[in-house]
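To keep things clear, I will list the structure first and then write my remarks on it.
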Amino acid sequence: MAGGQRARWPASTLTNAWLLAAAVLLNTQGIIAQKVQVEVEVEAYPTESVTLRCQFINGGSTKLTQVSWIWEPVDGQRDNIAVYHPVYGQSFPNPLFKDRVAFLFNNLENPTIRISKLRMSDAGRYTCEYATYPTGNEQGTTNLVMLAKPKNSADVVTVQAGTKSVVVAQCVAADSKPAATINWISSVRGNYSTSTTSGPDGTVTVRSEYRLVPTAEDNNKEVTCMVDQRTQERQWTKSLRLSVEFPPSVSIAGYDQNWYVGRSNAELVCVFNANPPPTAITWKSASGPLPDSVVVENDRLSIRKVDDAVNTTFICEVKNKHGANSHHINVFVNETDLSRPDFLRDIHHFLKKPAACVDEKWERHI
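FYI, in mature numbering (1 follows the signal peptide of the UniProt record, and there is no 0) the residues of the sequence shown are -33 to -1, 1 to 333.
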């Protein structure tokens, strides 16, 4: 060239040349890596079996000498678990896999293995490695992911009504991998907290506690635990009825304010709400012993025939292990049945009379 100048390639041409060379190199490496065909990831469960596939493809003139399966646990050192040599046969040097690993095909081109009686600790990287000539070692790696279905349970916790927040229900998803997720739905106002514990085999136990300030009204209300985890076909749920204990609340029903002398089959009922159920239901009279005409059967007080002795205050007391409560009612005995048609007619007639006449006639009735 004139002037002794050296030839120069345009910058853009050099850049394109480098990119082309890099692409060829990467493509060549990809082809080489694909000579050993394996699955990238396999999932399995404890106690079951898993097949780890391996095949040498596009070998061409490559000579296969020996193939080995090398296990690299999640936390640990690489170690041979299975070796195949066309002359010397099969070898299984790792005692952890004794009688659990086997070659499915007795040849170098397809050294697929099966591992049985799987354990959670079998998780890790499994490399199928060939010794070849003239290219040297070729390999492919499969990641074995061990999964575990959760052992789910949910229970209520019996509590006493009070003013502090306490645990009223628990839900556990035990020994799963990956960890489960727990949620609650509830007809009461409460909240929940969740904790996790990792096991030595890589499984996780999730515990959730539902809390509230329990009242008598919360007893028998429903809460539902819901567990989600990837190994479950559907969401696991369990509904629970809360168990809140409290002392009795008491009232008396049955008095219609028309108990009159001679009336039969009058009855009072002791109405209560208690958890646990009462240990004792007691009827009393404020004026002393119960009248002779009274019959008591558990929560019912019956009067065979009303007389003046029934003109008193009746008391019902209910007890359980958390305490006792009572209620009373004042019974007034009339001389006449206030619901009689002739009595009502007279009342209506009296209301039309002057006050003096009404007083005189009323006195004769009562």
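No residue lacks a Cβ here, since even glycine has one placed at the ideal position from N, Cα and C.
Residues that residue i bridges to, as DSSP identifies them
i, result
"GLY107", "CYS95"
"GLN57", "TYR51"
"ALA220", "VAL236"
"THR172", "THR164"
"PHE64", "PHE64 is not bridged to any residue."
"MET87", "For MET87, which the question treats as bridged, DSSP gives no partner whatsoever."
CB of residue i within 9 Å of CB of residue j, strictly
i, j, result
"LEU40", "SER88", "In the sequence as presented, Leu is not what sits at residue 40; that position holds Pro. Cβ distance < 9 Å, so PRO40 and SER88 count as in contact."
"THR177", "ALA136", "A quick correction: the sequence has Tyr, not Thr, at residue 177. Cβ atoms of TYR177 and ALA136: closer than 9 Å."
"LEU111", "GLY91", "yes"
"THR191", "ARG174", "no"
"GLU189", "SER154", "yes"
"residue 336", "VAL139", "Because the chain here runs from -33 to 333, residue 336 falls outside it and cannot be looked at."
"ALA220", "LEU235", "yes"
"ALA128", "GLU212", "yes"
"THR198", "LYS84", "no"
"ILE270", "SER260", "yes"
"GLN196", "SER143", "yes"
"ASN225", "LEU305", "yes"
"PRO60", "ASN73", "no"
"TRP151", "MET193", "yes"
"VAL277", "PRO256", "no"
"ASP266", "VAL238", "yes"
Enclosing beta strand (DSSP E) for residue i [first to last residue]
i, result
"residue 334", "The question about residue 334 has no answer here: the residues shown for the chain are numbered -33 through 333."
"GLU189", "189 to 195"
"THR163", "158 to 165"
"ASP142", "133 to 143"
"HIS294", "290 to 297"
"ILE24", "Unbroken run through ILE24: none, as it is neither H nor E."
"ARG271", "267 to 272"
"GLU76", "Neither: GLU76 is in no beta strand (DSSP E) and is coded neither H nor E."
"LYS30", "30 to 40"
"GLU264", "261 to 264"
Cβ separation of residue i and residue j, assumed to be a contact under 8 Å, to the nearest whole Å
i, j, result
"TYR51", "PHE70", "6 Å"
"TYR100", "LYS2", "Actually they are not in contact, since the Cβ atoms of TYR100 and LYS2 sit about 13 Å apart, beyond 8 Å."
"THR18", "ARG81", "5 Å"
"ARG230", "VAL262", "With 8 Å as the limit, ARG230 and VAL262 do not qualify as a contact, their Cβ atoms being about 15 Å apart."
"GLY107", "CYS21", "7 Å"
"VAL34", "CYS95", "7 Å"
Residue i CB to nearest heavy atom of the ligand SAH below 8 Å
i, result
"ALA69", "As for the ligand SAH, it is missing from this structure, which has no ligand bound."
Tell me whether the segment 283 to 297 and the segment 212 to 220 touch, counting them as touching only if at least three CB pairs, one residue from each stretch, are closer than 8 Å. The answer is yes - the segment 212 to 220 touches the segment 283 to 297, with three or more Cβ pairs under 8 Å.
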